[in-house]
Structures are given as C-alpha cells and as structure tokens.
Ligand code: FES
Ligand code: FES
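Numbering (this note's numbering), first residue to last: 653 to 831.
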C-alpha cells in the first residue's frame, strides 16, 4: 500500500508500487484531467505538481510519491479562477485541449516559483509539446497571468461548461479537493 496526498486528501493505493503515478491518478482516482500523451516523459501532457515541482507523472512511480503532496489540474482551482486558467481563456489558447492540463500545471508551478519569468525562464520551464501548435499564444497568456496574479488586470471567469466540478465528481467520483 502506498500512501500520499492527492489534492489535499490522503490516499492509499493498493497497486503495484512501481505503477506510474499517471495511471494511479487516472485509473484509481478518476482524475482524468492529467493526460497520457507519450508515456516517455517527452510531451508533458501528464504534468502535475509534486511538492511544488512540475513532474511528468508518467515518469514517477507511486512508490516514489510516498509521503508527498500531489496536485493535479482538478485542484488548481474549483472555479477556473487561477490566473493561468483565466489568462488561458482570455488569450483563447485552447485548441483541442489535450496538452493543456499539463501545460497549465507547468506554468502554474513556474509562476509560483518565479512570479515574473523572463522568456528564457519560460522556455526552460515549459517544454510541453502541443500537437495543435498553440505556442504563439502561450507566452502572451503567461504575461497576462502575471498581470492577473498581481491584480493589475481582471478577467471575467469563463462561462461554466454547464456542470460544476462537484456535480461532475458526484456523477463520476473523483478525488476533488475539499470545498
Ligand atoms: S505522457 Fe508523460 S510526458 Fe508524455
Ligand atoms: S491544444 Fe491540442 S495538443 Fe495542445
């Protein structure tokens, strides 16, 4: 049994300790926001926050997460109000959306550590691959997220998709953070 914290909740996984964290999150916890792109550590679609670091969850076993704190895209905010999420919507970064949870998590971790990153710092920290090619819109979104986080800009939250996260979690139970 492997024990650690996922989205502020203690979790014990009865799985092979060598199971990649990505599969434990998706298959056991139903946290399907974290995506499986390549499985080889290259694309970044599976990026989560572990103890404040952006980690590719396909490359770390649950055994290596023992006692640690994992945050997935589901817990970045309950209402899409995180500055990166707001900026993402305002800059219309989205295309198919598959790479986005991982990219947003990588950017959120970057901004937590470096509130106003240089282009070089962005390029070093956000190496996620997007098959739709949203790259030209990512840096403006990061700049906007910096302004939103500083309170220099306000962006109306994107309209709800018709179902609230807590309702979705009731229908398909998933590990959401406590309200
Ligand atoms: S699925 Fe983990 S880096 Fe691509
Ligand atoms: S938006 Fe489609 S893969 Fe990035």
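Ideal Cβ positions, reconstructed from N, Cα and C, are used throughout, including at glycine. Please read these numbers as outputs of a predicted model, since none were measured by experiment.
Residue range of the unbroken beta strand (DSSP E) whose run includes residue i
i, result
"residue 664", "661 to 665"
"residue 706", "705 to 708"
"residue 658", "654 to 658"
Cutoff 7 Å; reference residue i; Cβ partners in own chain excluding five residues on either side
i, result
"residue 680", "665, 667"
"residue 683", "677, 724, 726, 826, 827"
"residue 793", "739, 740, 743, 745"
"residue 768", "798"
"residue 718", "654, 655, 656"
"residue 685", "724, 725, 726, 753"
Endpoints, the alpha helix (DSSP H) within which residue i is located
i, result
"residue 736", "735 to 742"
"residue 794", "787 to 802"
"residue 761", "752 to 765"
"residue 774", "771 to 777"
Own chain partners of residue i with C-beta closer than 8 Å, once the 5 adjacent residues on each side are dropped
i, result
"residue 653", "664, 665, 666"
"residue 806", "800"
"residue 773", "762, 766"
"residue 669", "654, 713, 714, 715"
Among the options, nearest to residue i - alpha-carbon criterion
i, options, result
"residue 703", "777, 774, 659, 733", "659"
"residue 757", "706, 655, 673", "706"
"residue 815", "759, 732, 803", "732"
"residue 674", "770, 689, 802", "689"
"residue 701", "775, 771, 782, 759", "759"
"residue 782", "687, 803, 808, 819", "687"
"residue 671", "662, 661, 691", "691"
Contacting residues, own chain, Cβ-Cβ under 6 Å from residue i (five flanking each side not counted)
i, result
"residue 755", "780"
"residue 777", "762"
"residue 657", "721"
"residue 784", "747, 748"
Beta carbon proximity, residue i to chain C, threshold 9 Å
i, result
"residue 711", "Among the chains in the structure shown there is no chain C, since it carries only a single protein chain."
query = Are the region 723 to 739 and the region 782 to 790 touching by the rule of at least three beta carbon pairs closer than 8 Å?
reply = In short, these stretches do not touch, since the Cβ pair count stays below three.
ask   = With a cut-off of 8 Å, do at least 3 Cβ pairs link the region 710 to 721 to the region 745 to 752?
value = Touching, no, given that fewer than three Cβ pairs across the two stretches are closer than 8 Å.
message = So, does the region 732 to 739 touch the region 694 to 702, judging by three or more C-beta pairs under 8 Å?
response = By the C-beta criterion, the region 732 to 739 is judged not to be in contact with the region 694 to 702, since fewer than 3 inter-stretch pairs fall below 8 Å.
query = Does the pairing of the region 796 to 807 with the region 762 to 770 give three or more beta-carbon distances under 8 Å?
reply = Result yes; three or more Cβ-Cβ pairs closer than 8 Å.
ask   = What residue ranges within the region 672 to 734 form continuous alpha helix (DSSP H) runs of no fewer than 4 residues, ordered along the chain?
value = Counting only runs of at least 4 residues, the region 672 to 734 fully encloses no alpha helix (DSSP H) element at all.
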